[in-house]
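Just so we're aligned, residue 112 is where the sequence shown starts under my numbering, counting upward by one. One structure is given below, encoded as structure tokens.
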Amino acid sequence: MTFNIKRIRDLLQNFQFNDLFNELGWSRPLQPQPTNMVIQNTSFELQEIAQLSGVTIYEVTSQHGKIPDAQMRKAIHKDISIHHLENLLIFLDANNTQSLWYWVKRDGTRQYPREHLYVKGQPGDLFLGKLEAMVFDIGDFAEAGKVSVLEVASRLKDALDVERVTKRFYEDYKAEHLRFLDYIEGIDDERDRRWYASVLLNRLMFIYFLQRKWFIDNGNRNYLQHKLAESRQRGPNLYYSEFLNLLFFEGFAKPENERSEAARQLLGTVVYLNGGLFLLHPIEKRWSAIRIPDEAFENLLSLFARYSWNLDDASGGDDDEISPHILGYIFEKYINQKSFGAYYTRPEITEYLCERTIHKLILERINTTAIQGVTRGRHFDTVEELLMNLDTRLCRDLLDQLPKISILDPACGSGAFLVSAMNT
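Written out as structure tokens, the structure is:
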């Protein structure tokens with residue numbers, strides 16, 4: 112089944128989740144009629160929208176029209192899991208403007224909720240990546256027309272248990288960087304070998320972002336992995352010498368009309384990037400017989416596949432437009448500063464500081480104290496809680512207060528703090 116990006120995006124943005132899962136290859140619900148449950152004196156309507164091999168997907172709405180809090184969500188999931196152990200719950204507000212996708216990872220006796228918020232108006236690139244992992248086509252079904260419950264549950268895990276790029280990524284990256292060094296042959300100088308490992312990993316992270324944004328080879332989101340498999344069919348350990356060097360120095364470094372016919376055939380549709388990242392590096396000029404086996408790249412791509420690679424899931428901008436800002440942002444966020452002489456504050460630090468300051472400022476301006484007999488007070492502990500309880504008055508207050516907030520970075524260098532502030 113082809114993953115129809117436009118169709119899936121439209122269904123997601125219109126909150127047509129029933130049709131969305133049908134488009135993903137899931138089966139129609141076995142119980143199409145809604146049912147009700149009462150949790151802590153609050154009534155909830157459960158609407159089964161899709162199922163496959165015993166894995167059930169429900170839309171859940173509250174009588175109050177609001178998405179329930181974390182404790183209530185946990186209780187609802189516990190109740191549903193008595194009858195449907197493997198499930199995905201989609202909590203909705205009354206106006207179908209907010210959805211919280213709730214899946215629970217089980218590890219022995221422990222349970223770890225995984226929550227993913229999608230708000231109407233977002234382009235939804237992050238969600239499209241998750242939904243793609245839930246696709247089932249005819250090849251996934253056995254001769255009897257069935258797919259195992261373990262396989263369906265595994266797809267949900269792949270889609271919803273993806274680790275975000277945080278401090279753990281840097282730790283994994285550092286460990287993989289050290290392992291990668293041992294695979295590099297043809298560079299006798301230890302310092303150059305370390306430097307070149309950074310150069311290659313930065314190039315590949317950059318490309319990985321592009322492929323996850325559908326920018327390579329007509330939207331092939333597993334371009335690097337597919338090309339590795341094709342390379343292995345042609346022979347062992349050709350990926351670096353035959354494919355990657357061609358991708359770097361002809362694919363991304365030259366306009367299509369300047370590429371060789373062999374490059375066009377091997378690479379497919381690759382965008383031209385007018386930048387220095389894919390020019391021949393001084394190390395590559397100094398050491399002309401570099402060799403790296405396929406196993407090194409298989410390990411690296413396996414690491415990358417465990418993480419969610421999306422720039423942003425916020426509203427605004429053209430999802431299909433490659434701009435210098437986007438490419439520069441990718442490079443700045445994941446560059447190895449020692450190798451390239453670029454120093455900046457790492458994103459987990461800038462994001463944390465911006466959230467602590469900007470979120471606190473917003474809450475201070477929005478929270479109000481009750482005046483007896485005059486107005487009711489309101490208090491939100493987090494911006495997430497605020498967003499879950501939007502109403503007309505609150506939206507009006509936000510529209511009034513947000514434009515009045517100014518951000519100053521007196522020591523602005525790369526602009527990392529300002530970029531984080533904008534995204535916050």
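For every residue, glycine included, the Cβ atom is placed at its ideal position computed from N, Cα and C.
According to the Cβ coordinates, are residue i and residue j closer than 8 Å?
i	j	result
TRP212	GLU197	no
PHE202	ILE168	no
THR153	ALA205	no
VAL381	LEU358	yes
LEU312	HIS288	yes
GLU409	ILE401	no
VAL260	GLY330	no
LEU335	TYR351	no
ARG343	ARG332	no
PHE317	LEU411	no
ARG314	LEU388	yes
VAL310	HIS175	no
ASP405	LEU339	yes
In angstroms with no decimal places, state the Cα-to-Cα distance between residue i and residue j.
i	j	result
ILE187	SER210	16 Å
GLY488	ASP511	18 Å
LEU199	LEU513	35 Å
LEU378	ASP328	8 Å
ASP299	GLU341	30 Å
ASP180	GLN151	12 Å
LEU505	ILE477	8 Å
TYR284	ASP502	43 Å
GLU296	GLY346	19 Å
PHE415	LYS216	21 Å
PRO224	ASP190	15 Å
MET533	ARG221	37 Å
ARG118	PHE363	30 Å
LEU122	VAL494	27 Å
LEU267	ILE116	19 Å
LEU472	LEU498	15 Å
GLU432	TYR229	Unreliable positioning characterises GLU432 in this predicted model, as indicated by a pLDDT of 37, which lies under 50. The coordinate reading is nonetheless provided below. Computed Cα separation, rounded: 22 Å.
TYR418	ALA407	18 Å
PHE132	GLU496	28 Å
SER138	ILE160	9 Å
GLU475	GLN233	26 Å
ASN385	ALA286	31 Å
GLN376	LEU321	20 Å
PHE326	SER413	20 Å
PHE491	LEU529	25 Å
LYS241	LEU349	31 Å
GLY219	GLN182	21 Å
ASN368	GLU282	41 Å
Can you tell me whether residue i is buried or exposed? The criterion is at least 16 other CB atoms within 10 Å of its CB, across all chains shown.
i	result
VAL149	exposed
LYS257	exposed
ASN129	buried
THR461	buried
TYR463	exposed
ARG467	exposed
ARG184	buried
LEU390	exposed
ALA253	exposed
LEU355	buried
LEU519	exposed
LYS515	exposed
With a cut-off of 8 Å on the beta carbons, I'd call residue i and residue j a contact; round off their distance for me.
i	j	result
GLN162	LEU141	6 Å
ASP248	GLY136	6 Å
SER531	CYS465	5 Å
ASP251	TRP398	About 45 Å separates the two Cβ atoms, so there is no contact after all.
Return the chain-ordered list of same chain residues with a C-beta closer than 7 Å to the C-beta of residue i, the five sequence neighbours on each side being excluded.
i	result
PHE114	GLU243 and VAL246
ARG120	GLY235 and LEU239
GLU361	ARG370, SER371 and ALA374
SER192	ASN198
HIS195	THR167
ARG305	LEU292
ASP508	ILE477
TYR307	ILE295, ILE298 and ILE394
GLU353	SER342
ASP423	Unreliable positioning characterises ASP423 in this predicted model, as indicated by a pLDDT of 48, which lies under 50. A coordinate reading is not provided.
For residue i, which residues from the same chain have a beta carbon less than 6 Å from its beta carbon, with the 5 sequence-adjacent residues on both sides left out?
i	result
GLN158	PRO145 and GLU170
PHE155	MET148, VAL171 and SER173
LEU271	TRP214 and ARG225
ILE403	TYR294, ILE295 and TYR351
So, for residue i: in the same chain, excluding its five sequence neighbours on each side, which residues have a beta-carbon less than 8 Å away from its beta-carbon?
i	result
ASN207	PHE126 and LYS231
PRO366	TYR383
LYS480	First, the residue type needs correcting, since residue 480 is Thr and not Lys in the sequence shown. For THR480, where only same-chain residues beyond five positions count, the Cβ hits under 8 Å are GLY488.
THR535	GLU462, CYS465, GLU466, ILE469 and HIS470
GLU262	SER164 and ASP251
GLU134	ASN115, ARG118, ILE119 and LEU122
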